[in-house]
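One structure below.
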Amino acid sequence: FAPHLQNLIDLTRQKIEYLGCENTPYDVLLDEYEVGMTVEDYDPLFAGLKSRLVPLLSQIMQSDVAIPRLPEEMRFPADAQELFCNKVSQAMGFDFEAGRMDRSTHPFCAGLWPDDTRFTTRFDEKDPFSCLYAVMHESGHGLYEQGLPRNYSFSPVGTAISLGVHESQSRFWENQIGRTAAFWHIAMPWFREQFPDCPDWSNETLDLVANEVKPDFIRVEADEVTYNLHIMIRYEIEKMIFNDGLKVEDIPATWNKMMQDWFGIEVPNDSLGCLQDIHWSMGAFGYFPTYTLGNLYAAQLLQTMSHELGDIDEIIKSGDWSSMLVWLREKIHAKGSVMTPSELIEAATGSPPSPEPFLSYVEAKYSKLYNL
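Add 12 to the 1-based position in the sequence shown for the numbering used here, that's all there is to it.
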């Protein structure tokens with residue numbers, strides 16, 4: 013694959029030349045995916061996150077809290093998973109009269125326009141949580157697409173403003189709503205209806221299972237504590253490629269050293285390392301940092317939403333989540349692309365985008381779960 017990656021990097025360097033470079037070459041690529049963001053913005057942001065996430069991860073790894081395991085022999089049929097996840101997606105507010113859920117090898121969402129929004133998921137019959145959180149994630153993307161202003165459909169104003177904002181909508185539902193004990197308070201009966209042989213776990217136990225933290229190789233399976241560290245590795249390597257001339261043949265060793273230094277794990281092969289994502293193979297350099305922005309935006313939106321709507325856990329437990337969706341519709345979805353991402357978040361929350369709400373959220377949540 014190395015010659016093909018080299019070709020993509022060479023073509024991307026040509027693109028940077030054509031587009032024009034004011035500061036660093038990598039800035040041109042970052043701006044393509046989140047307008048206005050540069051290395052000067054991301055460097056201190058990631059440094060601040062790393063300075064608090066790495067110590068938090070270390071504390072969690074030393075915790076004596078045991079994570080329960082599903083019985084090895086237990087199976088969760090795909091059809092039953094689909095029925096359960098469909099119920100959750102409907103509760104979120106996804107309109108199945110204007111969209112649908114299908115199966116694929118990798119979950120994704122495609123919003124053709126607000127009245128035709130489709131998403132997919134995949135099934136692992138040994139692990140129902142993988143499908144559940146994929147569906148909540150993709151439904152979150154779908155809700156954004158279904159909530160865009162119809163008066164401006166097929167025009168620039170009627171589109172989602174950025175990848176970071178889009179990711180905030182998916183991560184909000186997947187993590188801030190789905191990975192809570194309050195979620196299991198309402199979802200447990202739906203779960204038991206489809207899987208009556210599941211262990212008789214409490215809502216709190218299922219919450220712990222859903223929020224297990226562990227250093228691992230694969231980004232898309234990472235927990236909230238380690239996920240942004242995965243993104244930082246990709247960001248640092250992309251920056252080295254385009255700003256410092258890192259050679260293709262040196263990427264695996266650079267990647268593996270960072271995984272060892274940050275996660276304390278040794279990467280056994282490149283498929284679990286630098287070749288695990290599709291982004292570089294399609295020339296999408298500069299894309300990865302938007303995932304972290306999505307996490308930060310989601311936490312900031314949650315903080316403001318809780319001030320305006322009240323106790324979010326109580327809203328989740330009620331089973332009527334429409335007030336949260338209406339809030340997101342008014343603050344984010346209906347705005348389309350009339351503002352920049354940072355302007356949109358500031359208009360919605362009253363403050364410029366900041367990592368502090370996310371760090372406060374993740375530190376409080378996992379300190380409680382792991383008795384830190």
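Where a beta carbon is used, it is the ideal one built from N, C-alpha and C, also for glycine.
For residue i, count the other beta carbons within 10 Å of its own beta carbon; 16 or more makes it buried, fewer makes it exposed. Which is it?
i: Q312; result: buried
i: P208; result: exposed
i: C33; result: exposed
i: G257; result: exposed
i: M244; result: buried
i: R183; result: buried
i: Q188; result: buried
i: R81; result: exposed
i: H153; result: buried
i: H345; result: buried
i: R112; result: exposed
i: R162; result: exposed
i: R246; result: buried
i: T117; result: exposed
i: F275; result: buried
i: S442; result: As displayed, the chain neither begins before 13 nor continues past 384, which places residue 442 out of reach and without an answer.
i: F254; result: buried
i: L31; result: exposed
i: L314; result: buried
i: P280; result: exposed
i: Q26; result: exposed
Relative to the C-alpha of residue i, which candidate in the options has its C-alpha closest?
i: N268; options: F229, V338, T36; result: F229
i: H319; options: D127, T361, P353; result: T361
i: Q102; options: A346, S372, D332, D139; result: D332
i: V237; options: D53, V66, G60; result: V66
i: W185; options: V147, V169, G176, Q206; result: V147
i: E224; options: T192, S366, Q288; result: T192
i: M49; options: G60, T36, L61; result: T36
i: G348; options: D219, S293, I327, H178; result: H178
i: P369; options: A59, N307, P161; result: N307
i: S379; options: K62, S75, V338, Y38; result: S75
i: E84; options: D136, L57, D39, V51; result: D136
i: L175; options: T352, V338, E46; result: E46
i: L321; options: A310, Y309, V338; result: V338
i: K62; options: E261, Q181, M270, C121; result: M270
i: K138; options: A90, L314, Q181; result: A90
i: C97; options: R204, D39, Y30; result: R204
i: L124; options: S70, P211, S167, C286; result: S167
i: D55; options: M252, D219, K226, Q26; result: M252
i: K377; options: I72, P119, E52, L340; result: I72
i: H16; options: N383, A265, N281, E261; result: E261
i: M317; options: A359, D39, L371, Q288; result: A359
i: L144; options: M200, E52, E248; result: M200
i: P140; options: L155, A234, C210; result: C210
i: T302; options: D53, D212, L287; result: D53
Tell me the residue span of the alpha helix (DSSP H) that contains residue i.
i: D219; result: 215 to 222
i: D139; result: It is not in any alpha helix (DSSP H) - D139 carries neither H nor E in the DSSP assignment.
i: G176; result: 175 to 183
i: S318; result: 301 to 321
i: S334; result: 334 to 343
i: H242; result: 239 to 256
i: I72; result: 51 to 73
i: Y373; result: 368 to 381
i: K329; result: 324 to 330
i: R204; result: 193 to 206
i: L284; result: Looking at the DSSP string, L284 is not in any alpha helix (DSSP H), and its letter there is neither H nor E.
i: F275; result: 263 to 275
i: L160; result: Here L160 belongs to no alpha helix (DSSP H), and DSSP marks it neither H nor E.
i: N19; result: 14 to 31
Could you give the first and the last residue of the continuous beta strand (DSSP E) run that contains residue i?
i: D114; result: 111 to 115
Beta-carbon within less than 6 Å of residue i's beta-carbon, same chain only, minus the 5 sequence neighbours each way: which residues are those?
i: D114; result: T132
i: F297; result: T24, L41, E250
i: T304; result: N240, I243
i: S151; result: S101, M104, F106
i: L284; result: F229
i: F58; result: M244
i: G60; result: P367
Output needed for residue i: all residues of its chain with C-beta closer than 8 Å, excluding positions within five of it in sequence on either side, in chain order.
i: A110; result: P126, D127, D128, T129, Q158
i: G295; result: L20, L23, T24
i: I328; result: I189, T192, A194, F195, H197, I198
i: E375; result: R64, L68
i: T217; result: P80
i: L220; result: V77, I79, P80, L381
i: L95; result: Q206
Considering only residues of the same chain and omitting the five flanking positions on each side of residue i, which have a CB-CB separation below 7 Å?
i: E44; result: G298
i: H291; result: Y299, F300
i: Q272; result: E278
i: Y309; result: G176, V177, S180, I357, P365
i: K99; result: W202
To which residues does DSSP link residue i through a beta bridge?
i: C97; result: None; C97 has no bridge partner.
i: C121; result: F131
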